[in-house]
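One structure is given below, encoded as structure tokens.
Numbering (our numbering), first residue to last: 456 to 818.
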């Protein structure tokens with residue numbers, strides 16, 4: 456799977472951009488705040504309908520404009536796909552595949568699979584559980600449309616239940632309708648828990664070997680899924696927490712409180728690991744994600760590296776770059792240092808200056 460080209464119009468700081476990518480390694484270099492990450496963001500939006508930053512559609516539209524367009528040409532299994540995104544300030548985005556509009560975002564998932572790796576991902580282990588849940592959801596949603604549907608419905612029901620709990624402060628009689636939301640929450644929640652557990656198990660099989668290689672055989676990494684509640688006990692625990700939920704006007708039980716733990720031996724490195732261990736484990740996690748996607752789709756995903764190399768020492772840089780030689784990669788960086796120049800195959804180089812991109816013929 457490769458991206459052949461990207462066309463942008465009024466997206467972020469780009470008035471207009473036509474970018475033809477190589478099927479190998481593409482470097483976008485330039486000073487900070489020039490628009491390098493915006494190109495990666497447009498690719499991510501093309502595959503998932505959402506920004507990796509959590510930005511809303513209107514925030515991605517160029518200042519002073521009312522709409523933006525992204526066109527991504529993808530080659531997959533000897534077939535071509537054209538993904539069109541039409542972002543609007545005050546309305547839902549329009550999406551089309553090969554010129555045919557789609558009604559549900561889930562119809563897009565799987566056309567373009569990608570793995571996004573940013574400096575923030577290096578802190579996924581030491582940061583809060585919400586980031587680790589976001590990691591779970593972003594990857595499983597790309598691989599499993601049923602999960603995407605269950606997660607979307609669960610979040611809607613969760614919001615409705617929380618709104619009802621707040622309304623009950625002034626209208627206690629609404630408690631009679633709580634069970635309607637509870638049953639839906641339990642149904643969708645159980646499926647989410649089951650799928651997350653399977654995903655972590657699959658990831659665990661891959662991450663051990665990768666982490667052992669990166670650490671020179673010194674460490675063995677184990678991931679453990681920590682559901683807030685087991686599927687079988689969800690209904691009982693939700694009922695048990697009812698009075699607490701009414702008191703605090705919030706749902707206190709469910710997969711929206713899940714987490715993943717990372718152990719090296721018996722040490723929980725979320726709490727007791729060194730920064731080096733946490734960063735190496737985060738790198739292992741991302742490389743495992745790439746391998747898992749390969750196995751699931753029987754193809755290679757596109758890898759987006761957003762200024763990650765500057766955050767890694769030379770050993771981790773070498774391991775990362777040697778692991779991705781067979782994957783289309785788009786890398787952003789602030790300069791073409793000696794490491795990138797001399798030690799790694801680069802197929803195309805682009806310089807980015809103030810929303811203008813020019814291809815360089817020399818490295």
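Even glycine gets a Cβ: it sits at the ideal position worked out from N, Cα and C. In this text the structure is predicted, and so the values were computed from the model without any measurement.
Close-in-space but distant-in-sequence residues of the same chain around residue i (CB under 7 Å, 5 per side omitted)
{"i": "residue 592", "result": "606"}
{"i": "residue 676", "result": "662, 663, 666, 717, 719, 736, 739"}
{"i": "residue 422", "result": "Absent from the model: residue 422. The displayed extent of the chain is 456 to 818, so no value can be given."}
{"i": "residue 649", "result": "686"}
Reduced DSSP secondary structure (H/G/I, E/B, other) of residue i
{"i": "residue 571", "result": "strand"}
{"i": "residue 549", "result": "strand"}
{"i": "residue 700", "result": "helix"}
{"i": "residue 634", "result": "helix"}
{"i": "residue 805", "result": "strand"}
{"i": "residue 800", "result": "coil"}
{"i": "residue 723", "result": "strand"}
{"i": "residue 527", "result": "strand"}
{"i": "residue 580", "result": "coil"}
{"i": "residue 691", "result": "helix"}
{"i": "residue 537", "result": "strand"}
{"i": "residue 563", "result": "coil"}
{"i": "residue 487", "result": "coil"}
{"i": "residue 740", "result": "helix"}
{"i": "residue 625", "result": "coil"}
{"i": "residue 505", "result": "coil"}
{"i": "residue 757", "result": "strand"}
{"i": "residue 518", "result": "coil"}
{"i": "residue 684", "result": "coil"}
{"i": "residue 462", "result": "strand"}
{"i": "residue 557", "result": "coil"}
{"i": "residue 591", "result": "helix"}
{"i": "residue 762", "result": "coil"}
{"i": "residue 544", "result": "coil"}
{"i": "residue 789", "result": "coil"}
Straight-line gap, residue i to residue j (C-alpha atoms, nearest Å)
{"i": "residue 621", "j": "residue 704", "result": "5 Å"}
{"i": "residue 794", "j": "residue 481", "result": "Per-residue confidence for residue 794 stands at a pLDDT of 49, beneath the threshold of 50, marking its modelled position as unreliable; no derived number is given."}
{"i": "residue 499", "j": "residue 626", "result": "43 Å"}
{"i": "residue 596", "j": "residue 602", "result": "6 Å"}
{"i": "residue 777", "j": "residue 786", "result": "14 Å"}
{"i": "residue 800", "j": "residue 788", "result": "15 Å"}
{"i": "residue 608", "j": "residue 567", "result": "23 Å"}
{"i": "residue 657", "j": "residue 470", "result": "43 Å"}
{"i": "residue 746", "j": "residue 791", "result": "28 Å"}
{"i": "residue 805", "j": "residue 522", "result": "26 Å"}
{"i": "residue 508", "j": "residue 483", "result": "19 Å"}
{"i": "residue 532", "j": "residue 538", "result": "16 Å"}
{"i": "residue 510", "j": "residue 494", "result": "14 Å"}
{"i": "residue 730", "j": "residue 475", "result": "38 Å"}
{"i": "residue 635", "j": "residue 646", "result": "18 Å"}
{"i": "residue 722", "j": "residue 692", "result": "30 Å"}
{"i": "residue 771", "j": "residue 815", "result": "27 Å"}
Close Cβ partners of residue i (< 8 Å) along its chain, the five nearest in sequence each way excluded
{"i": "residue 613", "result": "640, 706, 709, 711"}
{"i": "residue 652", "result": "680, 682"}
{"i": "residue 809", "result": "468, 489, 490"}
{"i": "residue 557", "result": "550, 551, 563"}
C-beta atoms of residue i and residue j nearer than 8 Å
{"i": "residue 569", "j": "residue 759", "result": "yes"}
{"i": "residue 501", "j": "residue 456", "result": "no"}
{"i": "residue 669", "j": "residue 774", "result": "yes"}
{"i": "residue 479", "j": "residue 754", "result": "no"}
{"i": "residue 512", "j": "residue 548", "result": "yes"}
{"i": "residue 689", "j": "residue 644", "result": "yes"}
{"i": "residue 579", "j": "residue 590", "result": "yes"}
{"i": "residue 767", "j": "residue 715", "result": "no"}
Other residues of its chain near residue i: CB distance less than 6 Å, five sequence neighbours each side excluded
{"i": "residue 530", "result": "457, 459"}
{"i": "residue 748", "result": "568, 756"}
{"i": "residue 696", "result": "707, 708"}
{"i": "residue 752", "result": "568"}
{"i": "residue 560", "result": "504"}
{"i": "residue 779", "result": "758"}
{"i": "residue 784", "result": "480, 758"}
Inset, instruction - Would you be able to state if there are at least three C-beta pairs under 8 Å between the region 584-603 and the region 510-519? - result: The region 510-519, when compared against the region 584-603, does not touch it at the 8 Å Cβ threshold.
Assess contact between the region 566-580 and the region 752-765, defined as three or more Cβ pairs (one per stretch) separated by less than 8 Å. Is contact present? Touching, yes.
Exercise for the section: Would you be able to state if there are at least three C-beta pairs under 8 Å between the region 655-668 and the region 735-747? Expected result: These segments touch.
With three or more C-beta pairs closer than 8 Å as the rule, is the region 482-496 touching the region 552-566?
Output reads no: the region 482-496 does not touch the region 552-566.
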